[in-house]
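Following: one structure in structure tokens, then a few remarks.
Chains as they are written, first to last, in this note's numbering: chain A, 370 to 735; chain B, 137 to 609.
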């Protein structure tokens with residue numbers, strides 16, 4: 370009786386999992402196996418594959434484009450993962466403020482994440498044009514740099530003055546006192562407007578800033594300038610998604626912990642350092658893992674740049690694979706593409722493993 | 137750390153009750169002021185962040201209705217968003233075609249257009265050379281789309297001069313001069329029968345000493361050092377005036393063989409792909425998730441493990457074989473290819489976790505009553521799963537609508553078979569070189585409408601549900 374029930378459950382289980390299993394097997398397991406096989410062959414999609422042994426891997430090592438793609442992918446992944454994790458946490462902490470209308474702010478903050486990479490990339494490409502809004506903003510900053518420095522000076526002076534005067538009366542006054550901040554901001558704004566009206570600190574630019582952001586071979590640090598532009602785009606769209614994860618993490622921290630800390634006299638920074646950060650560790654691991662996986666397969670932005678940027682300044686491993694499989698006007702090199710793809714898969718696994726092992730040691734320290 | 141506690145605000149407040157000496161009350165007021173300031177600063181920070189995030193889109197949205205998306209300096213106030221011009225555009229559209237919304241020039245249309253020139257007293261106010269130029273609007277494919285010239289159907293221009301009053305004008309050197317002005321009323325009709333013409337270009341050339349100070353609609357641009365005022369369209373209609381670039385996305389990206397709007401078919405393809413993907417995801421994720429959560433079957437752990445690995449491996453690793461499989465079963469260049477190719481591991485995982493949270497007793501009762509596994513699943517479990525189903529539906533729709541990679545790989549030709557994101561790429565290739573970014577931005581914004589609607593309707597399922605958004609990648 371019981372045995373036939375278990376048997377029935379097995380049959381049911383197999384039938385239920387079957388549709389998903391077919392999809393998983395055909396489009397993942399079989400595909401992964403074939404990628405491995407192709408990486409040992411020479412194949413152009415049309416004539417029969419020819420055995421090539423490790424030839425493709427040797428060719429990869431000797432291919433400067435591959436080395437470049439590998440370098441770009443690694444640097445891009447590290448830079449973007451760091452940036453987006455930090456910014457997502459800051460954004461979540463802002464969105465977690467218990468004020469009226471916080472739902473509206475959360476909705477607005479999430480907004481950049483719902484759009485397609487195609488639409489977002491086009492919007493950013495427009496921003497990054499030579500005559501685009503970004504360069505205009507930089508021109509403005511460059512023309513008003515003196516004024517802004519003066520404004521900062523005024524702000525710091527007014528704030529410090531208030532602090533010194535306030536400290537005489539109450540010993541609990543801190544330098545960053547919010548009331549003083551508002552007064553300083555107001556004074557600075559008025560003073561700056563007056564100075565701007567008098568033309569102080571404003572200079573006429575002989576030439577507006579016209580940096581070529583996309584169609585260039587310039588590099589800055591480990592990445593070409595083109596990919597730095599993609600870093601900006603990618604961070605902008607992924608931060609809100611990751612913010613939601615942090616937000617859930619923040620909401621799961623009991624208020625009583627903060628209250629206890631406040632009674633003990635812990636500063637805001639100490640609360641973050643000793644309560645928020647350790648409690649968010651598990652979320653941070655998820656965020657970093659998702660970040661690594663997501664950034665290593667970044668492809669859309671590169672493809673959407675199309676002929677607006679030279680191949681060498683935008684190529685990543687994911688795009689290298691695609692580019693070898695479907696070279697514009699060339700013969701597909703499936704062997705090279707597959708070998709590159711496996712390197713990408715391996716890189717993903719290794720980076721996730723490194724992150725996990727570093728993470729484990731850090732949690733045990735705590 | 138505890139030493140500083142005596143300095144804290146709470147202690148100050150607590151000690152405030154001890155006395156109502158004036159300085160104690162003043163201190164309390166200072167503390168309250170500090171708390172109010174904290175709130176103000178908090179809102180300030182929240183609003184600043186929102187401005188930065190939405191500002192990007194606002195800039196792009198403004199540029200998408202502009203004539204020149206790369207104008208320097210960037211203006212926030214320009215002709216297309218000025219309501220005064222909407223009134224003019226409405227009237228011109230009505231006169232040209234009887235359609236005040238989208239305008240045009242069609243048989244029976246009779247259009248009047250006013251231009252006012254001014255010059256200092258003493259200068260001659262000569263009649264400007266006004267014409268409807270033999271010009272077709274737009275860039276890129278527009279030349280192949282618009283074959284008719286407005287000038288071929290318009291009657292000769294009937295121009296009447298009307299002198300206006302003298303007025304005082306202070307020039308930039310601070311010198312006040314007497315100026316004279318004259319308005320030219322230009323009238324033309326659509327002669328006989330013919331096609332509806334979408335846009336009527338217009339131009340007026342006057343000596344440099346004369347300044348154009350008013351017109352029914354402001355000129356699109358000034359050419360030849362300000363001597364020639366040039367209009368792209370003097371019969372726009374309100375929507376045709378403000379959303380001209382949006383209309384051009386539909387009108388100027390057409391299949392040259394059939395004449396159908398490419399943008400329209402991209403939109404339909406993407407809709408079909410997204411709905412198909414949603415349906416398939418719902419089936420695979422619910423059955424798969426249920427099996428993994430509740431049923432015992434051989435190979436369960438292997439399936440689960442493979443599923444987790446599949447979420448880590450980039451799609452570029454497996455796409456070649458998938459491309460070949462799709463080619464093998466003759467689905468290349470069809471929406472079906474994109475629908476079936478994706479492995480929905482993340483959604484299976486979400487459903488599995490959801491089913492595990494359902495109390496077992498519910499199913500056991502149903503099974504005891506003699507219901508089979510399928511009946512239990514279909515009649516008892518699924519109806520309880522609405523929140524999870526909505527979550528994976530949104531994920532699947534958004535993912536499919538925004539998907540760029542698979543449509544790029546699996547649908548290459550003809551252009552009418554593209555999905556929307558790939559279509560946007562082809563728009564960029566066609567118009568980006570000419571700097572016609574307003575059309576590209578208009579296309580990008582229109583492509584986001586379905587996910588925007590989805591976002592607005594199901595906002596709380598998205599923003600309040602980190603699992604769904606987190607595993608999207």
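Every residue, glycine too, gets a C-beta built ideally from N, C-alpha and C.
Because the structure is a prediction, the values reported are computed rather than measured.
Note down, in chain order, every chain A residue with its Cβ under 8 Å from the Cβ of residue i.
i: residue 178 of chain B; result: 466, 468
i: residue 186 of chain B; result: 474, 477, 478
i: residue 170 of chain B; result: 546, 547, 548
DSSP state of residue i, grouped into three classes?
i: residue 467 of chain B; result: coil
i: residue 379 of chain A; result: helix
i: residue 322 of chain B; result: strand
i: residue 263 of chain B; result: coil
i: residue 467 of chain A; result: coil
i: residue 721 of chain A; result: helix
i: residue 520 of chain B; result: helix
i: residue 649 of chain A; result: coil
i: residue 351 of chain B; result: strand
i: residue 174 of chain B; result: helix
i: residue 144 of chain B; result: Bear in mind that a pLDDT of 45 at residue 144 of chain B, under 50, signals an unreliable position, so the model cannot answer this.
i: residue 537 of chain B; result: helix
i: residue 248 of chain B; result: strand
i: residue 138 of chain B; result: With a pLDDT of 37 at residue 138 of chain B, under the threshold of 50, the modelled position of this residue cannot be trusted; read the value that follows with caution. Helix.
i: residue 150 of chain B; result: Only weak support is given to the placement of residue 150 of chain B: the predicted model assigns it a pLDDT of 47, under 50, and the value that follows is read from those uncertain coordinates. Of the three classes helix, strand and coil, the one that applies to residue 150 of chain B here is helix, per DSSP.
i: residue 358 of chain B; result: strand
For residue i, which beta-bridge partners are listed by DSSP?
i: residue 312 of chain B; result: B:306
i: residue 612 of chain A; result: Bridge partners of residue 612 of chain A: none, in fact.
i: residue 413 of chain A; result: Answer is none; residue 413 of chain A lacks a bridge partner.
i: residue 593 of chain A; result: A:588
i: residue 597 of chain B; result: Per DSSP, none; premise fails for residue 597 of chain B.
i: residue 256 of chain B; result: B:315
i: residue 367 of chain B; result: B:338
i: residue 279 of chain B; result: Residue 279 of chain B pairs with nothing; no bridge assigned.
So with Cβ pairs under 8 Å, would you call residue i a contact of chain A?
i: residue 209 of chain B; result: yes
i: residue 524 of chain B; result: no
i: residue 328 of chain B; result: no
i: residue 432 of chain B; result: yes
i: residue 140 of chain B; result: Low confidence applies here, because residue 140 of chain B scores a pLDDT of 40, under 50, leaving its location unreliable; read the following figure in that light. So, interface residue.
i: residue 580 of chain B; result: yes
i: residue 595 of chain B; result: yes
Let me check understanding here. Comparing Cα to Cα, which of the options lies closest to residue i?
i: residue 547 of chain A; options: B:558, B:177, B:533, B:351; result: B:177
i: residue 367 of chain B; options: B:340, B:385, B:247; result: B:340
i: residue 488 of chain B; options: B:562, B:353, B:458, B:517; result: B:517
i: residue 564 of chain B; options: A:528, A:677, A:694, A:392; result: A:677
i: residue 544 of chain B; options: B:402, B:162, B:232, B:203; result: B:402
i: residue 474 of chain B; options: B:494, B:532, B:453; result: B:532
i: residue 660 of chain A; options: A:600, A:573, A:675, A:706; result: A:600
i: residue 586 of chain B; options: A:488, A:512, A:395; result: A:488
i: residue 586 of chain A; options: A:714, A:451, A:595; result: A:595
Residue i versus chain A: which residues are under 7 Å apart at the beta carbon?
i: residue 542 of chain B; result: Residues of chain A passing the Cβ test: none, with the nearest at roughly 11 Å.
i: residue 205 of chain B; result: 495
i: residue 163 of chain B; result: 539
i: residue 426 of chain B; result: 385
Give the residues of chain A in contact with residue i, contact being defined as C-beta atoms less than 9 Å apart.
i: residue 567 of chain B; result: Going along chain A, no residue has its Cβ under 9 Å from residue 567 of chain B, so there is no contact; the nearest lies around 10 Å.
i: residue 573 of chain B; result: 491, 494, 495, 498, 501
i: residue 443 of chain B; result: 389, 393, 397
Counting only C-beta atoms, is residue i closer than 8 Å to chain B at any point?
i: residue 379 of chain A; result: yes
i: residue 409 of chain A; result: no
i: residue 389 of chain A; result: yes
i: residue 581 of chain A; result: no
i: residue 637 of chain A; result: no
i: residue 393 of chain A; result: yes
i: residue 690 of chain A; result: yes
i: residue 404 of chain A; result: yes
Please compile the residues from chain B whose C-beta is within a distance smaller than 7 Å of the C-beta of residue i.
i: residue 668 of chain A; result: 452, 541
i: residue 520 of chain A; result: Those do not exist, as residue 520 of chain A stays about 16 Å from chain B at its closest Cβ, beyond 7 Å.
i: residue 551 of chain A; result: 173, 176, 177
Output, in chain order, the set of chain B residues within a Cβ distance shorter than 8 Å of residue i.
i: residue 382 of chain A; result: 427, 431, 432, 433, 436
i: residue 623 of chain A; result: Those do not exist, as residue 623 of chain A stays about 18 Å from chain B at its closest Cβ, beyond 8 Å.
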